[in-house]
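K.L.:
Positions 118 to 255 (my numbering) are the ones given, in order, by the sequence shown.
Take this structure first; my questions come after.
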Amino acid sequence: QQLTIQNDDGKQTVLSRADLEALPHVKVQAMAHDVSATFEGVALKAVLEKAGVAFGDAMRGKRLASCLLVEAADGYKVVIALPEKDPGFTDKQIILAFLKDGKPMDPKEGPYRIVIPDEKRPARWIRQVTGLKIVDVQ
């Protein structure tokens, strides 16, 4: 249940479940495919900061052309722009969930899943997250 994060400099950090659970928890109610559930985990921004990714004043210039590539165990990948995780740009919540309705997610969904409650389609709610990588698209 490890998660590998690669920051802007290419440095990799491996976080365990205990490392993630030590971060402040976030709980959200969200609906996907007409089914409502309560997801609990940590803010994706907090996970990235733990791996040395800077937000706030650092979010300007070339960094605005950086994105987060989220990778899953089955090869599925999605991209999230870095400013989408910075509260200086948006109030959007993006969490790395590890509990669904108070229980660990089953192997088809977990151990980690991205949840973005205010998105109309859950296509970026990637399941079985194994890696997070900052990518410069310039």
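Beta carbons are placed, not taken as given, at the ideal position from N, Cα and C, and that holds for glycine.
DSSP state of L165, grouped into three classes?
P.N.:
Reduced to three states, the DSSP call for L165 is helix.
K.L.:
Got a sec, what are the start and stop residues for the beta strand (DSSP E) L137 sits in?
P.N.:
Premise fails: L137 lies in the alpha helix (DSSP H), R134 to E138, not in any beta strand (DSSP E).
K.L.:
For the stretch 145-159 against the stretch 128-136, do three or more pairs of beta-carbon atoms, one drawn from each stretch, fall closer than 8 angstroms, so that the two count as touching?
P.N.:
No: the two stretches stay apart, fewer than three of their Cβ pairs being nearer than 8 angstroms.
K.L.:
Whole angstroms are fine: how far does the CA of V187 sit from the CA of I251?
P.N.:
Going by the C-alpha atoms only, they are around 9 angstroms apart.
K.L.:
Using a Cβ-Cβ cut-off of 6 angstroms (strictly less than) and excluding sequence neighbours within five positions of L216, which residues of its own chain qualify?
P.N.:
Excluding positions up to five away in sequence, the list reads E157.
K.L.:
Between which two residues does the beta strand (DSSP E) harbouring V159 extend?
P.N.:
Per DSSP, V159 belongs to the beta strand (DSSP E) from V152 to A160.
K.L.:
Using 8 angstroms as the threshold, is the C-beta distance between C184 and L199 below it?
P.N.:
In this structure, L199 lies closer than 8 angstroms to C184 by Cβ.
K.L.:
For L182, is the classification buried or exposed, using 16 other Cβ atoms within 10 angstroms of its Cβ as the cut-off for buried?
P.N.:
According to the sequence shown, residue 182 is Ala rather than Leu. Counting Cβ neighbours within 10 Å, A182 comes out exposed, since fewer than 16 surround it.
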